Amino acid sequence: MAAIVIAACGWAAPMASAQTGIGIGAINGPNPLPLHTAPAPGGGFEMRDPDYPGLRCVDFTTGATISGPDNQWGNGDAASIETGCADALYSARQALEMFEHWLGAYPREWNLGVPIRVGMPGSQTWVSIGTEIHIGRGAGRWGASLDVVGGALGHALFQKLMGQVAQPGVRIAAANIFGTMTEAYANQPASFDPPDYSIGEEVGSRIEYMHDPSHTGDLNCYSDAVYGLNDTVAAAGPMNHWFYLLAEGSSPTNGQPQSTTCNGTRTWGIGVRAAGQIFYNALGRVPFYDRFLDYRKATLDAAKALTPGACDMFMRTKQAWDAINVPAQPGEPTCTPLRLEVLDPLVATVGTPVTVRLKGNGGDGTYTFSAGGLPPGLTLNTTSGVISGRPTTAGTYYPGLAVLSQGRSNFMQPRFTVHPKPA
14 MAAIVIAACG WAAPMASAQT GIGIGAINGP NPLPLHTAPA PGGGFEMRDP DYPGLRCVDF
74 TTGATISGPD NQWGNGDAAS IETGCADALY SARQALEMFE HWLGAYPREW NLGVPIRVGM
134 PGSQTWVSIG TEIHIGRGAG RWGASLDVVG GALGHALFQK LMGQVAQPGV RIAAANIFGT
194 MTEAYANQPA SFDPPDYSIG EEVGSRIEYM HDPSHTGDLN CYSDAVYGLN DTVAAAGPMN
254 HWFYLLAEGS SPTNGQPQST TCNGTRTWGI GVRAAGQIFY NALGRVPFYD RFLDYRKATL
314 DAAKALTPGA CDMFMRTKQA WDAINVPAQP GEPTCTPLRL EVLDPLVATV GTPVTVRLKG
374 NGGDGTYTFS AGGLPPGLTL NTTSGVISGR PTTAGTYYPG LAVLSQGRSN FMQPRFTVHP
434 KPA
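The sequence shown begins at 14 in our numbering and counts up one residue at a time.
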């Protein structure tokens, strides 16, 4: 993989009505691929997506936007530049839509649409984003797969939020995370470019295995050695591994590969979309001059903010960092799950006053209580959590008790026994 340079702005084209074209790609599918194109100035159509200003496919040699008379692009020939453009324009659109729909990002306003130049000579599959992406050949076809193009645009998104000062390995890992999310968003069948955690496998570039970075000689586990690496891909290994463990866990059952943790523990995943949302929302929480370790605290803060009152995603994020040997950081948050406690025995006697206190733990410390099916004669104060009154009917009851905080709730249905009044 070659070095990548990011610019914050892209080429801006005049807005035009989007046309629906079709493409026959060599990588993506099923064909035909839906492509968003625009009328060409001299008639016909051109491979420019007006929904994302700046996004177009260009012949690397001539610099001209690919155009044609019929809005049909490519023929599946892996050597054809037009076929490469069909794959590239489709991959880019999937990435930019994913940024919007899964992450809540603003690719239009942030000028993330850039020209994609297909036809770069030499052996490198892709090289740079400055004001454009360059696509070369790998494995006999143009390097326009979802993870490569999505990763390049994801790198631009990362740089838009973080600037040029981020740790080099983190920049590469960010590209891999967003490229992986693009594959998941497109969700293609196995015979095309399906969701996985291998980077560049469709186009023969240096493949990165997020479940096991050491497979290609990269680091699996964090240590201070990461800061001295000149190979930024190798330095990305620990964060690639963290993301896989967060998304899939160490022993997934969905066909994804097993992943060995660095501390010998087992982790459980939360899914690629949720893991990506945590990573993306952490970016605004990382100090300007970031360190690798800063991402642990930032992602924990993000997980807690995304799921207020719940701790499942928080704990799995923490476990994934522990699993690659990133230690706890000063000032990192903790999370106590919302829980309802009953402080007094649920036993009463007909005609005798009784008080039962409910207590909430976790959440934001502000609670509302609810109850259904209490013994006749008893009521609940929904603010204080106190059940009180004089029971009127003996029996065994199973009231539904709940505490609510920050939109979350914790429920129980305990046994409440009311004895008859003594003779």
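Built from N, CA and C at the ideal position, the CB exists for glycine as well.
No experiment lies behind these values; they were computed from the predicted model shown.
Within 9 Å, strictly: CB atoms of threonine 320 and phenylalanine 256: Position 307 of the sequence shown, counted from the first residue, corresponds to residue 320. Position 243 of the sequence shown, counted from the first residue, corresponds to residue 256. Going by C-beta atoms, threonine 320 is not nearer than 9 Å to phenylalanine 256.
Extent of the continuous beta strand (DSSP E) to which lysine 494 belongs: This structure gives no information on residue 494, because the portion of the chain shown stretches from 14 to 436.
Residues that DSSP places opposite tyrosine 410 in a beta bridge: As a position in the sequence shown, residue 410 is number 397, starting the count at 1. Partner residues in the beta bridge of tyrosine 410, as assigned by DSSP, are Phe429.
Isoleucine 190: first and last residue of the uninterrupted alpha helix (DSSP H) it sits in: In the sequence shown, the residue the question calls residue 190 occupies position 177. First-last of the alpha helix (DSSP H) with isoleucine 190: 181-199.
Tryptophan 255 (DSSP reduced to helix, strand or coil): Along the sequence shown, read from residue 1 onward, the residue named residue 255 stands at position 242. It is helical.
Sequence ranges, beta strand (DSSP E) only - wholly within the stretch 98-182, length at least 3: 128-131, 139-142 and 146-148
Touch test, the stretch 158-172 against the stretch 91-111, Cβ-Cβ under 8 Å, three pairs minimum: yes
From Gly262, Ser264, Ala248 and Asn243, residue whose alpha carbon lies closest to that of cysteine 234: Against the sequence shown, residue 234 aligns to sequence position 221. Among Gly262, Ser264, Ala248 and Asn243, the Cα nearest to that of cysteine 234 belongs to Ala248.
Integer Cβ distance of leucine 313 from leucine 174, believed to fall under 8 Å: By 1-based counting over the sequence shown, the position of residue 313 is 300. By 1-based counting over the sequence shown, the position of residue 174 is 161. Rounded, the Cβ-Cβ distance is 18 Å, inconsistent with contact.
Buried versus exposed call for histidine 168 [16 or more other C-beta atoms within 10 Å across all chains shown]: Sequence index remark: in the sequence shown, residue 168 carries index 155 (1-based). Under this definition histidine 168 is a buried residue.
Cβ pair leucine 417, valine 355 closer than 9 Å: Position 404 of the sequence shown, counting from 1, holds the residue named residue 417. Position 342 of the sequence shown, counting from 1, holds the residue named residue 355. In this structure, valine 355 does not lie closer than 9 Å to leucine 417 by Cβ.
Residues bridged to glutamine 419 (per DSSP): The residue you call residue 419 lines up with position 406 of the sequence shown. Its beta-bridge partners do not exist; DSSP assigns none.
Range covered by the beta strand (DSSP E) that runs through threonine 381: In the sequence shown, counting from the first residue as 1, residue 381 sits at position 368. Per DSSP, threonine 381 belongs to the beta strand (DSSP E) from 381-385.
Start and end residues, beta strand (DSSP E) containing isoleucine 220: Along the sequence shown, read from residue 1 onward, the residue named residue 220 stands at position 207. Per DSSP, isoleucine 220 belongs to no beta strand (DSSP E) and is neither H nor E.
Span separating the alpha-carbon of aspartate 83 from that of glycine 289: Taking the first residue of the sequence shown as 1, we reach residue 83 at position 70. Taking the first residue of the sequence shown as 1, we reach residue 289 at position 276. One C-alpha to the other measures close to 38 Å.
Cα-Cα separation between leucine 351 and proline 366, rounded to whole angstroms: Working through the sequence shown from its first residue, we reach residue 351 at position 338. Working through the sequence shown from its first residue, we reach residue 366 at position 353. Whole-angstrom Cα-Cα distance: 30 Å.
Nearest-angstrom Cβ-Cβ length linking asparagine 189 and glutamate 215, presumed shorter than 8 Å: By one-based count along the sequence shown, residue 189 stands at place 176. By one-based count along the sequence shown, residue 215 stands at place 202. The Cβ separation is near 14 Å, so there is no contact.
Close Cβ partners of glycine 262 (< 6 Å) along its chain, the five nearest in sequence each way excluded: Here residue 262 refers to the residue found at position 249 of the sequence shown. Excluding sequence neighbours, glycine 262 sits near Thr280, Trp281 and Gly282.
Supposed close pair tyrosine 198, tryptophan 115 - CB separation, criterion 8 Å: Taking the sequence shown and counting its residues from 1, one reaches residue 198 at position 185. Taking the sequence shown and counting its residues from 1, one reaches residue 115 at position 102. About 6 Å separates the two Cβ atoms, so the contact holds.
Per DSSP, cross-strand counterpart(s) of serine 397: For this step, residue 397 is matched to residue 384 along the sequence shown. None, per the DSSP bridge assignment.
Paired residues, beta bridge with glycine 81 - DSSP: Start at 1 with the first residue of the sequence shown, and residue 81 comes out as number 68. According to DSSP, which records beta bridges pairwise, glycine 81 is partnered with Phe58.
Whether serine 204 touches glycine 76 by CB criterion (9 Å): Here residue 204 refers to the residue found at position 191 of the sequence shown. Here residue 76 refers to the residue found at position 63 of the sequence shown. For serine 204 and glycine 76, no; Cβs fall outside 9 Å.
Environment of glycine 34 [buried if 16+ CB atoms lie within 10 Å]: Here residue 34 refers to the residue found at position 21 of the sequence shown. It is buried - the Cβ of glycine 34 has at least 16 other Cβ atoms within 10 Å.
3 or more residues per run - each beta strand (DSSP E) lying fully within the stretch 294-362: 352-355 and 360-362
Extent of the continuous alpha helix (DSSP H) run through threonine 280: Counting from 1 along the sequence shown, the entry for residue 280 is found at position 267. Premise fails: threonine 280 is in no alpha helix (DSSP H) and is neither H nor E.
C-beta contact flag for glutamate 110 and tyrosine 119 at 9 Å: Indexing the sequence shown from 1 puts residue 110 at position 97. Indexing the sequence shown from 1 puts residue 119 at position 106. The answer is no: Cβ separation not under 9 Å.
Spatial distance of proline 388 from methionine 425 (CA atoms): Stepping through the sequence shown from its first residue, residue 388 is reached at position 375. Stepping through the sequence shown from its first residue, residue 425 is reached at position 412. The alpha-carbon atoms of proline 388 and methionine 425 are separated by roughly 16 Å.
Touch test, the stretch 364-380 against the stretch 395-408, Cβ-Cβ under 8 Å, three pairs minimum: yes
Straight-line Cα distance separating glycine 176 from aspartate 325: If you number the sequence shown from 1, residue 325 lands on position 312. If you number the sequence shown from 1, residue 176 lands on position 163. So the alpha carbons of these two residues sit roughly 31 Å apart.
Whole-angstrom distance between aspartate 64 and alanine 51, CA atom to CA atom: As a working note, residue 51 is residue 38 in the sequence shown. As a working note, residue 64 is residue 51 in the sequence shown. Using only the alpha carbons, I get a separation of about 10 Å.
Beta-bridge partners of histidine 49, as assigned by DSSP: Locating residue 49 in the sequence shown gives position 36, where the first residue counts as 1. Thr33.
Residue interval of the beta strand (DSSP E) (run including valine 71): Your numbering for residue 71 matches position 58 in the sequence shown. It spans 69-72 - the beta strand (DSSP E) in which valine 71 sits, taken as one unbroken run.
Straight-line Cα distance separating threonine 379 from alanine 152: Locating residue 152 in the sequence shown gives position 139, where the first residue counts as 1. Locating residue 379 in the sequence shown gives position 366, where the first residue counts as 1. Taking the straight line joining both Cα atoms gives about 59 Å.
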